[in-house]
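Down below is the structure, laid out as structure tokens.
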Amino acid sequence: MPLIAAYHRPDSVDEALTLLAAPNRKPLAGGTVINADRDASDLEVVDLQALGLTGIELTDGRLRIGATTSLADVAECAEAPSTIRELARRDQPASVRSIATVGGTIASRDAESTLLAALLVHDAQVELAGADDTSLASLLETGVRDGAIITAVTIDASGTTAIEATGRTPADTPIVAAVARSADGRTSLALTGVSETPVLVDSDDPTAALQPSGDFRGSSSYRLHLASILSARVMDAVR
Ligand SMILES: Cc1cc2nc3c(=O)[nH]c(=O)nc-3n(C[C@H](O)[C@H](O)[C@H](O)COP(=O)(O)OP(=O)(O)OC[C@H]3O[C@@H](n4cnc5c(N)ncnc54)[C@H](O)[C@@H]3O)c2cc1C
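Position one of the sequence shown corresponds to residue 8 (the numbering used here), numbered consecutively onward.
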């Protein structure tokens with residue numbers, strides 16, 4: 008993303024939506040993506056920090072995480088499932104983790120985000136202003152509509168989970184990762200590194216319909232092989 012041309016700081020969600028209705032304007036959360044390079048542009052940003060969208064609360068077994076909550080706060084939240092805490096910590100280096108937000112992570116739809124995979128298996132539902140609420144799985148397919156704002160994500164905090172990942176080193180972003188969850192007799196499985204975004208897959212046939220792109224870290228067939236092995240391991244762990 009390029010150097011910004013103007014900065015707006017609304018005090019309410021309604022004011023933010025009005026500002027975002029004009030062309031060339033985007034929400035600004037932690038800024039780790041949107042403010043990352045120095046090329047001049049006509050992009051204007053609408054800062055979400057004063058909208059009251061920060062915080063985590065547990066109600067009736069569902070955890071609601073406000074969009075501008077930092078990944079560091081998620082990593083330290085005692086009420087969050089262990090997988091969510093662990094992957095909020097692992098997804099980013101400490102310097103980025105303290106400013107990057109949950110809403111920015113969802114809107115960025117990074118194919119390699121293990122946190123997004125964990126949110127998917129926890130039945131994540133995304134709350135939006137300026138668009139209808141939707142499941143995270145649907146939002147990852149379509150992206151956030153122009154002019155809309157993610158206000159929060161809710162997850163089912165129950166269940167047993169497992170993570171398996173293969174990277175070039177243990178701390179590197181995984182080439183492929185698998186996250187599984189079992190709750191109320193049902194299992195769910197999500198993969199990173201095999202599609203345009205993290206995806207929920209059929210736990211009985213995880214690689215069906217996957218056609219991953221290869222890169223210098225792993226060919227398409229290597230990624231499919233990893234997906235198959237890692238899926239079997241996490242499903243064994245949660246069954
Ligand atoms: C060194 C470094 C390492 C990184 N490693 C990883 C990694 O391992 N995995 C990974 O997934 N990402 C990684 N990233 C990318 C980035 O940090 C994450 O995607 C991050 O969580 C983005 O959050 P943010 O709050 O900084 O978003 P911003 O930069 O503020 O925004 C990113 C995009 O999301 C939109 N947006 C933000 N919030 C909202 C909202 N509430 N509603 C609607 N749209 C919104 C913005 O308009 C923009 O288009 C890395 C970045 C850096 C700089």
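Glycine included, each C-beta is placed from N, C-alpha and C at the ideal position.
- Cβ atoms of Leu65 and Glu86 come within 8 Å of each other, at about 5 Å.
- Following the DSSP letters along the chain, one finds Ile236 in no beta strand (DSSP E) but inside the alpha helix (DSSP H) bounded by residues 227-245.
- Per DSSP, Arg175 lies in no alpha helix (DSSP H) segment and is marked neither H nor E.
- Leaving aside the five residues that flank Ala187 on each side, the residues in its chain whose CB is nearer than 6 Å to its CB run, in chain order, Ala169, Leu196, Val241, Met242, Val245.
- In the same chain as Arg193, and ignoring 5 residues on each side of it, no C-beta atom comes closer than 6 Å to its own.
- In its chain, beyond the 5 residues on either side, Gly73, Thr76 have a beta carbon closer than 7 Å to the beta carbon of Gly62.
- At a Cβ-Cβ threshold of 9 Å, Pro17 and Ala47 do not count as neighbours.
- For Ile91, the enclosing alpha helix (DSSP H) covers residues 89-97.
- Excluding its 5 nearest sequence neighbours in each direction, Thr214 has C-beta neighbours in its own chain below 7 Å: Leu231, Ala234, Ser235, listed in chain order.
- With the rule of 3 Cβ pairs closer than 8 Å, the segment 126-134 does not count as touching the segment 27-47.
- The count of Cβ pairs closer than 8 Å, one atom from the segment 27-34 and one from the segment 140-156, reaches three, so the stretches are in contact.
- 9 Å or more divides the Cβ of Ile106 from the Cβ of Thr180.
- When C-alpha distances from Thr167 are compared across Asp191, Ile157, Thr161, the shortest belongs to Asp191.
- Per DSSP, reduced to three states, the secondary structure at Ile106 is coil, with no helix or strand assignment.
- With a cut-off of 8 Å on Cβ pairs, the segment 19-26 is not in contact with the segment 94-101, counting fewer than three such pairs.
- If you look at Ala190, you'll find it in the beta strand (DSSP E) that goes 183-190.
- Excluding its 5 nearest sequence neighbours in each direction, Ser220 has C-beta neighbours in its own chain below 8 Å: Ser227, listed in chain order.
- Annotation for Thr25: the continuous alpha helix (DSSP H) segment containing it runs 20-27.
- Beta-bridge partners assigned by DSSP to Ala136: Ile156.
- Pairing Val103 with Leu126 gives a Cβ-Cβ distance that is not under 9 Å.
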